[in-house]
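Okay, structure first, notes after.
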Amino acid sequence: MSNNPSTKVPPVPAVLLAGGASQRLGQPKQLLRLAQFNGETLLDRAVRLAQEAGADPVYVVLGALAEQIQHDAQLINCTVLLNLDWAEGMASSLRKGIRAVMEQLPKASAALLMVCDQPALSAEHLRQLLATHYAEPEIVAASCYANRSGVPVVVPSKLFSALLELHGDQGARAVLKQAGLRVKEIDFPNGAWDIDSPEDLPRG
């Protein structure tokens with residue numbers, strides 16, 4: 502069921518950035534199955550939460566180990582985009598996803614940008630971000646944690662061109678720093694917990 506209160510505005514698509522090689526972790530973080538998630542992979546969980554929140558469609562950008570990830574993850578009802586330039590950094594996956602939105606959904610009012618390694622993420626938080634966008638379509642609806650704005654974030658379509666100019670390890674935060682841009686922050690408890698190394702894994 503869509504979170505969109507207006508039938509005149511199409512749902513916001515989600516772009517799930519999952520192209521990294523997880524070198525510090527030593528295994529694909531996309532395929533991690535944490536005990537508290539009943540065996541669901543982090544990637545499949547992120548896809549499901551986006552769908553439950555009302556994002557549609559959900560694009561999943563894969564890069565490193567894409568074949569293994571597609572084999573071992575379920576990736577239900579989402580569109581997989583293969584980023585052959587994943588080694589460049591996150592910006593390459595971001596460009597891949599935004600181009601797909603611009604080409605396939607030219608009337609999209611925004612895009613929900615996500616990563617898969619935030620175990621504290623909930624569908625309710627994503628719903629709050631989307632509801633903020635539908636109420637004020639011209640602003641950025643960003644998650645707030647560790648005293649800064651970050652992903653997940655709903656970026657209005659007027660910023661798509663700026664996102665296509667990013668390179669290397671730059672993410673959407675580089676665009677959010679533009680002068681004069683209105684950003685509404687939604688508190689994301691424990692949002693700073695992401696899984697980059699074995700030390701980030703839950704104990705027990």
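Per this note's numbering, residue 502 is the first one in the sequence shown, and the count goes up by one each step. For glycine and all other residues, C-beta sits at the position ideal for the given N, C-alpha and C.
Beta-carbon proximity of residue i to residue j, cut-off 8 Å
i: leucine 595; j: tyrosine 560; result: no
i: glycine 692; j: glutamine 629; result: no
i: glutamate 589; j: cysteine 645; result: no
i: alanine 663; j: valine 676; result: yes
i: alanine 609; j: proline 511; result: yes
i: methionine 615; j: glycine 672; result: no
i: alanine 556; j: leucine 622; result: no
i: alanine 519; j: glutamine 528; result: no
Beta-carbon contacts of residue i that lie in its chain and below 8 Å, excluding the five residues immediately before and after
i: alanine 612; result: Val513, Pro514, Ala515, Val516, Gly598, Ile599, Val602, Val655, Val656, Ser658 and Phe661
Exposure of residue i, with buried meaning 16 or more beta-carbon neighbours within 10 Å
i: alanine 536; result: exposed
i: aspartate 545; result: buried
i: histidine 626; result: buried
i: alanine 547; result: buried
i: alanine 522; result: exposed
i: asparagine 648; result: exposed
i: glycine 669; result: exposed
i: alanine 636; result: exposed
i: isoleucine 577; result: exposed
i: proline 607; result: exposed
Identity of the residues DSSP links to residue i by a beta bridge
i: tyrosine 560; result: Val516 and Thr580
i: methionine 615; result: Leu517
Contacts around residue i, its chain only, beta-carbon distance under 7 Å, and the 5 residues preceding and following it disregarded
i: aspartate 688; result: Cys645
Cutoff 6 Å; reference residue i; Cβ partners in own chain excluding five residues on either side
i: methionine 502; result: Annotation note: pLDDT 43 at methionine 502 (below 50); position unreliable, no value reported.
i: phenylalanine 538; result: Arg546
i: alanine 643; result: Ser650, Val654, Val684 and Glu686
Closer than 7 Å: residue i CB and nearest the ligand PLP heavy atom
i: alanine 636; result: The model on display carries no ligand, and the ligand PLP is accordingly not part of it.
### Query
Unbroken alpha helix (DSSP H) runs of length 4 or more, entirely within the segment 635-684: which are they?
661-664 and 674-677
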